Each structure stands twice: as C-alpha cells, then as structure tokens.
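These notes are about the structure you will find just below.
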Amino acid sequence: MTQAREIHGTAALKAMFARAKSEERAAFLPYFPIGYPTYSDSLRTIAAMAEAGVDGFEIGIPFSDPIADGPTIQAATQIALENGTTVPQCLEAVRTLRGQGVSQPMLMMGYANPLVAYGTDRFVRDARKAGADGLIVPDLPPEEAAMFAGSCAREGMALVFMLAPTSDDRRIELVARQATGFIYVVSLTGITGARKELPAYLTEFIARLRRGASMPLAMGFGISTPEHARRVSQLTDGFIVGSALVRAGGESVEAARDLARSMVEAIVK
Amino acid sequence: MTEIYIDTGQTELPDARGYFGEFGGRFVPETIIPALDELESAYAEAIADPSFHAELSNLQRTYTGRPTPISYARRLSEALGGAQIYLKREDLAHTGAHKINNALGQGLLAKRMGKRRIIAETGAGQHGVGTATATALLGLDCHVYMGSVDIRRQQPNVFRMKLLGAEVIPVESGSRTLKDAINEAMRDWVTNVETTFYLLGSALGPHPYPKIVRDFQSVIGAEAREQFQEMTGCLPDACIACVGGGSNAIGMFHAFRDDSDTELIGVEAGGRGIESKEHAARFADLDISRPGILHGTRSYVMQDEDGQIMETHSLSAGLDYPSVGPEHAHLRQLERAYYTMATDEEALEAFQVLSKLEGIIPALESAHAVAEAIKRAPAMPRDSALLVNLSGRGDKDLDSVIALLPPSVPPKH
Numbered sequence: 004m005t006q007a008r009e010i011h012g013t014a015a016l017k018a019m020f021a022r023a024k025s026e027e028r029a030a031f032l033p034y035f036p037i038g039y040p041t042y043s044d045s046l047r048t049i050a051a052m053a054e055a056g057v058d059g060f061e062i063g064i065p066f067s068d069p070i071a072d073g074p075t076i077q078a079a080t081q082i083a084l085e086n087g088t089t090v091p092q093c094l095e096a097v098r099t100l101r102g103q104g105v106s107q108p109m110l111m112m113g114y115a116n117p118l119v120a121y122g123t124d125r126f127v128r129d130a131r132k133a134g135a136d137g138l139i140v141p142d143l144p145p146e147e148a149a150m151f152a153g154s155c156a157r158e159g160m161a162l163v164f165m166l167a168p169t170s171d172d173r174r175i176e177l178v179a180r181q182a183t184g185f186i187y188v189v190s191l192t193g194i195t196g197a198r199k200e201l202p203a204y205l206t207e208f209i210a211r212l213r214r215g216a217s218m219p220l221a222m223g224f225g226i227s228t229p230e231h232a233r234r235v236s237q238l239t240d241g242f243i244v245g246s247a248l249v250r251a252g253g254e255s256v257e258a259a260r261d262l263a264r265s266m267v268e269a270i271v272k
Numbered sequence: 140m141t142e143i144y145i146d147t148g149q150t151e152l153p154d155a156r157g158y159f160g161e162f163g164g165r166f167v168p169e170t171i172i173p174a175l176d177e178l179e180s181a182y183a184e185a186i187a188d189p190s191f192h193a194e195l196s197n198l199q200r201t202y203t204g205r206p207t208p209i210s211y212a213r214r215l216s217e218a219l220g221g222a223q224i225y226l227k228r229e230d231l232a233h234t235g236a237h238k239i240n241n242a243l244g245q246g247l248l249a250k251r252m253g254k255r256r257i258i259a260e261t262g263a264g265q266h267g268v269g270t271a272t273a274t275a276l277l278g279l280d281c282h283v284y285m286g287s288v289d290i291r292r293q294q295p296n297v298f299r300m301k302l303l304g305a306e307v308i309p310v311e312s313g314s315r316t317l318k319d320a321i322n323e324a325m326r327d328w329v330t331n332v333e334t335t336f337y338l339l340g341s342a343l344g345p346h347p348y349p350k351i352v353r354d355f356q357s358v359i360g361a362e363a364r365e366q367f368q369e370m371t372g373c374l375p376d377a378c379i380a381c382v383g384g385g386s387n388a389i390g391m392f393h394a395f396r397d398d399s400d401t402e403l404i405g406v407e408a409g410g411r412g413i414e415s416k417e418h419a420a421r422f423a424d425l426d427i428s429r430p431g432i433l434h435g436t437r438s439y440v441m442q443d444e445d446g447q448i449m450e451t452h453s454l455s456a457g458l459d460y461p462s463v464g465p466e467h468a469h470l471r472q473l474e475r476a477y478y479t480m481a482t483d484e485e486a487l488e489a490f491q492v493l494s495k496l497e498g499i500i501p502a503l504e505s506a507h508a509v510a511e512a513i514k515r516a517p518a519m520p521r522d523s524a525l526l527v528n529l530s531g532r533g534d535k536d537l538d539s540v541i542a543l544l545p546p547s548v549p550p551k552h
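Protein chains in written order, with my numbering: chain A, 4 to 272; chain B, 140 to 552.
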C-alpha cells in the first residue's frame, strides 16, 4: 500500500505542525534507533507506531559514544551496533519504511562523527533520496553547522537545532535564526532518559522561548507517560519521546506500539 | 629562575571559534554551550588579573615544588653513545606528574567562578590524583570518573584519590577506559552544569579546554627552555614527549614553537604494534585514523569505516585514547611537530633502562618518550642534545610491570 508523499522536507514538517495545531494539540514524534533490538524489529516497531497514529519520527543512528544519552538509549544503541547497524542501513530503513507506506515526516538523528565519516553532503542527499525530511545532530551547535547547512538548504531538508534551559536570549536568537523545521527544546539540563516528573518550570521556559523564536517548538528529554504527553501537548507545538518507547520496544513491538497509542489518545481531544 | 608564568599566547591559535587551523571547535550539546562561554570569559578575566597569576605562581613554587629541574642523563647518554639526553623532571612535581599544573590552574579558576563541585575524568589516574589534590588544597568537592579497566590497572592511584577525599566513580560503559570516563564526565556536566566545574585533564575537548590546558601546562616548556639554555648555552636539537591527549607534550612544545632548529617529537602508544591494530597511534595508522569528531573537538580519531570510535590498546592507561588534542593535529599538519610511536615492549624496555642507569623509575607513559630518545640518540653526534619530558613517575605502574615481568625472567641490562 505504497502511498506517494506529495510534500517533503521542511514543507512536510510544516504541514505536520499545522495539522496538529488545527486539532489543538502538539505533534508527537517518537524517537527509535535502527537496529534495536534487531534491524527488522526496529522497522516493525516504527511501522506499528505509524499505524498507532503518531505524527512523525526521529530515526536514531547509533553511535559508540553518545554523550547526550542516558542509560536506556546508550544500551539500546550499543546493542544496535553489536547487531552491525551502519549509517547506510539506517538510510535503507527509511527507504523500506517509505516503501511500506509510512508517510509521516522522518528526521535522521545521529551524532556528528558517523555522518562526517559518511560524508556530510552525501549523507544529506542520500537521506533525502531515502525519504527523510530533516536532520538532528545533538553534538552540532549552530556555530559548527556549516558542514550540513548548505546541503540541507539545497535538498529542502530541515536542520534542527536545540535550545536548553541554560540558553540565554542570545542563544535563542541565534538558534531561531539558523534552525529550519523546528527547534528541539531540551526540557531539562541533563541527558535523555525516562523520568517520573517533568520539571515545574516548563510553562515559563516555553514562554521565554516563544518571545525569542517564532518557529515551532518541539520538546524532548524525560517525557515518558501519557500524562506527561498530555501536559506537554498543551504547551508546545511538538514533543519527542525516546527512552520510554525504546524501553518498551526492547520488550516487544506491541509494547512500544501500545505506549505510543496511549500517548496519541492522551493528546487527541 | 624568574617569575613562573602562564604563557597565554593571546595573539595565537586557537582562533575565536576555538580552531587550530582545521582542528578544534566546539561540538557539544547546546545545554553546555553557555557553560563553555562562561568558562571562556572567566578564564580571559583571570589571566588578565595579576592576582590570579600571583596566586598560581605562589602555589607552583610553594606547593608543587616548581620549577622542576632538568637532569642530565649521563649514564644513559654514555650507554647510547650519541646525543646527550636531558630529562625535564615533571615526575618531581608534587603528586608525581605534570597533571598537577593544570589541576591547580583550573581549580583556582573554578574557585574564582564560585563553582565548588568539581568533576574530572582520569585514565592512568594521574589527572584524577592531581584534581583530588588541588580540590583538597582549595577546599572543593571532587568526583572523578574512571573506567573500570583503568581502576583495575591503576589501584594505587584509586586509593590516593580516595585518601585525598575524592569520590571515584567507576565507568562500566564502552571500553571502560579513558574515552568512556570522558563520556560520563560530560553526561554529569550536562546534568549539573549550573553548579559544576568540569576540570578536564588533557589538551582536548571543546573550546576553550585545549587552550586552557595548554596554557596551564606551558610552564613546563617555559622553564625547560630557560633551564636548558642556562645549563648548556644552547637549545636542544629535539624535544620529545609522549602524547595521549597531549597535554604534557603541548606544554613542553609551546615555548619552543618558534625555535625552528629544535625538532618537536610526539610519541604515541604503539601498543602491540601497528599491524596488530591494537594501539593508540592516531597519527601512525591512517588506515583507521582520520579527522573526525570526538568529545567536542575535531581532530584525528581512530574509527571504523562507519565512523564508530574504535577501542584502543596501550600498556599505559594515560595514552590509551582514540583521539588526540586538536593542536597536535594542527602542528602535525604544519609539519612543525613530528609524531612517532613506541610499542608496549619498547616502553617497557625504556622503563627498565632508565631505572637501572639513572635511578629514575618513569611512568609508563613517559617511558614511551624515553624509548624514542633511546632509538634516536645513537645515530646523533655527541654534541647534540635531546630534551625528554619525563612527565611522571612510575610508582603507580609497579603492579602492571610486576605482572608483565615474572620473577623467573630477570629484567634486561
């Protein structure tokens, strides 16, 4: 049931946020790494979450030294590497998912070194060809992004940067000027990982970002439960759930799908 | 010897973005960018403040025991029959290694910034000990990340750190060595960035660390250059230093950077030999090492075809690291410095030779530099001179060496 996508890249993300906004909710983007717990299970998990009604995906490219990740994603990506997962396989995964009819926007998310090793221009071009819409590199602040910015602009791919609670107004302005697609808002000072509570300052934090940045804001780090999703959905334009879904995906495809579905249900009015 | 100083090289590299030519930069999560900005400006203020210099200089003199001497290695030089060998004795600095120079400098900076929680990574344990010492002296709170493999091979240093009041946190991820200790320290810093000072131990990591660490270590070369001239009336034909991350080497090289007749030689860990692929010779094995990004900086990185970081091997924990400080990558590209390597076996041999002939037990790291001097000296004229940075003492390595040299096999020489 291949379904041709009419729009790609930043335009696809724009449409995703517009649709969520029209439904008075935030867009929900799961993160899931390719190769965990196996290559085929990672694809099945992503396809099942697509069926469950999520709005888009961050497709994780494993790296040996993930300094922004907590134990869950560290362990999962380590297993993915032990399974022999490579950058070309991650691109192949996107192509396969598109072939299976997964039509939601997909962003490639990976640390800089494997992408540099692949070749930055080549990576952006091949990711676009495979059907990806954007790129998130957690260890690439805007100051270092020239190596990706040109090719992303040429290919119409979103190049997403992050803002954190530590970002001052100058950083907010810089990131808002250079980011395309959306800004990834790191909810807390810390690494990825499921958490029991969300920080209390989120409303104020988002308000501060809104004053300096007019593009969509998608929040990640620590969002773990349908209740978290409901709360964040009222604050932001989008949100990312990683570790909680990765942990569920380590149990079974169905567990990840069910958690994703319960989050979709929590945010749809 | 006149005033001990920090050579801040204001007009030189790195540039404003933290680059040494095409190497360096700042590849880190956004969360810690403001902390790096804060560190950069606090450091600029500190080095413009004479009272900071006075305080550091006073500690260097009255606490670390600087200046450390240069020893002429007469018996070693005679045995080799060529170049005269001189040793810059960083092993005589308090704590037994050059790491204290940087730990005290950054410790004072942390205190000045009002950050009382200090984190650090350590490989051989020397930087951990240096940091634990500085924090004990300055009354700061110290947490040291150390790979569990390194904890096993550097027990005496683990005990020292604990005795000095530091918490030693074992790291079980990845190869469980220095690389993984840095990963964990960075994760801690991302989490506790507002209260915590990351006291990074080598001339690597995101800008401004490579510059700060170089500046605090540049006292080695500044002293050595002056002392060597006083002793001999000239400059050495070459300076030799081991290179893991590269802080002792850059500290030695910096003062000699414009002395074009003095060759600068960095010695990497050749481990079990280049062919074995079990080594940490980032500049010697360009099949598996090429420019890449690790721990916030662009430099040479040992990696597989897919850009995954490779595990390294060295007998010496302090050299067992898959990347190298960005300024070394730059000096190599400029051909201002030359990089070579010594194998585990060569370092072990040098370790014994220096002990027997000079009564100095070197750190296994420093033994790599000694090994290069042993290789070079015989072919050089007797009126030439090699200055070796003896970056640390070998007491910490006795357990590993004892394990490698069973009593039934008597040490050579």
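Every residue, glycine too, gets a C-beta built ideally from N, C-alpha and C. As the structure is a computational prediction, the values presented were derived from the model and not from experiment.
message: Considering only the alpha carbon of each residue, which of B/K535, B/L544, B/D154 and B/G160 lies closest to B/V297?
response: B/K535
message: I need the boundaries of the beta strand (DSSP E) containing B/E260, first residue and last residue.
response: R256 to T261
query: Taking C-alpha atoms, which residue in B/Y284, B/R364 and B/A249 lies nearest to B/F336?
result: B/A249
- request: Note down the Cα distance separating B/E402 from B/Y211, rounded to an integer number of angstroms.
  value: 19 Å
message: Using beta carbons (cut-off 7 Å, strictly below), is B/M325 in contact with chain A?
response: yes
message: Tell me the residue span of the beta strand (DSSP E) that contains B/N528.
response: A524 to L529
task: Just the chain B side, please: which residues come within less than 7 Å of A/G193 by C-beta, in chain order?
output: V329 and T330
- prompt: Mind checking if A/N116 is an interface residue toward chain B, Cβ cutoff 7 Å exclusive?
  reply: yes
message: So with CB distances below 7 Å, who are the chain B contacts of A/E146?
response: R156 and R165
query: If you check the beta carbons only, do B/P501 and B/G457 fall under 7 Å apart?
result: no
query: Using a beta-carbon distance below 7 Å, is A/T5 in contact with chain B?
result: Below a pLDDT of 50, predicted positions are generally treated as unreliable, and A/T5, at 44, falls in that range; no measurement from the model is reported.
message: To be precise: take each residue of the stretch 447–476 of chain B, compare its Cβ to all Cβ atoms of chain A, and keep it if any distance is under 8 Å. Which residues remain?
response: Q447 and I448
message: Suppose contacts are defined by Cβ-Cβ distances below 7 Å. Is A/G12 in contact with A/M160 by that definition?
response: yes
field: Proximity to B/D289 [Cα-Cα], best of B/G278, B/V307, B/T272 and B/G262
entry: B/G262
Cβ neighbours of A/A29 in the same chain (closer than 7 Å, five flanking residues each side left out): A23, V235, S236, T239, D240, G241, F242 and I270
task: Starting from A/Q181, trace the alpha helix (DSSP H) both ways and give me its first and last residue.
output: D172 to Q181
task: Grab me the residues of B/I308's own chain with a C-beta within less than 8 Å of its C-beta, minus the 5 sequence neighbours each way, in chain order.
output: H282, V283, Y284, M285 and E323
field: Extent of the continuous beta strand (DSSP E) run through A/V244
entry: G241 to V244
query: What does B/A249 touch in chain A if you count any residue whose Cβ is under 9 Å from its own?
result: Near B/A249 there are no residues of chain A at all, since even the closest Cβ is about 18 Å away, more than 9 Å.
- prompt: Beta-carbon of B/I308 versus every beta-carbon of chain A: anything under 7 Å?
  reply: no
- prompt: With a CB to CB cut of under 6 Å and the five nearest residues on each side skipped, what residues in its chain are close to B/G431?
  reply: V440 and Q442
Contact list for the stretch 167–185 of chain A against chain B, Cβ threshold 7 Å: A167, T169, S170, D171 and R174
query: Among B/L317, B/K318 and B/H467, which has the Cα closest to the Cα of B/G390?
result: B/H467
task: Starting from the C-beta of B/T479, find all residues in its chain whose C-beta is less than 8 Å away, skip the five residues before and the five after it, and write them out in chain order.
output: I404, G405, V406, E407, A423 and E511
message: Is there a C-beta anywhere in chain B that falls below 7 Å from the one on A/S154?
response: no
task: Within the same chain, show all residues whose beta-carbon is closer than 8 Å to that of B/S314, passing over the 5 residues directly before and after it, in chain order.
output: G286, V288, E450 and T451
query: Hey, B/S505 and B/S530 are a contact pair by Cβ (cut 8 Å); roughly how many whole angstroms apart?
result: 5 Å
Buried versus exposed, by CB contacts within 10 Å (16 or more), B/G373: Note on residue identity: the sequence assigns Cys, not Gly, to residue 373 of chain B. Its Cβ having fewer than 16 others within 10 Å, B/C373 is exposed.
task: Taking only the alpha-carbon atoms, compute the straight-line gap between B/L317 and A/P202 and give it to the nearest angstrom.
output: 33 Å
field: B/Q265 vs B/A236 beta-carbon contact at 7 Å
entry: yes
query: According to a CB-to-CB cut-off of less than 9 Å, which residues of the stretch 206–239 of chain A neighbour chain B?
result: none
field: Beta carbon proximity, A/I70 to chain B, threshold 7 Å
entry: yes
query: Does the pairing of the stretch 71–79 of chain A with the stretch 117–129 of chain A give three or more beta-carbon distances under 8 Å?
result: no
task: Under 7 Å between beta-carbons, which chain B residues line up against A/T89? List them in chain order, please.
output: D445
- prompt: Tell me which same chain residues have a C-beta within less than 7 Å of the C-beta of A/E27, skipping the five on either side of it?
  reply: K272
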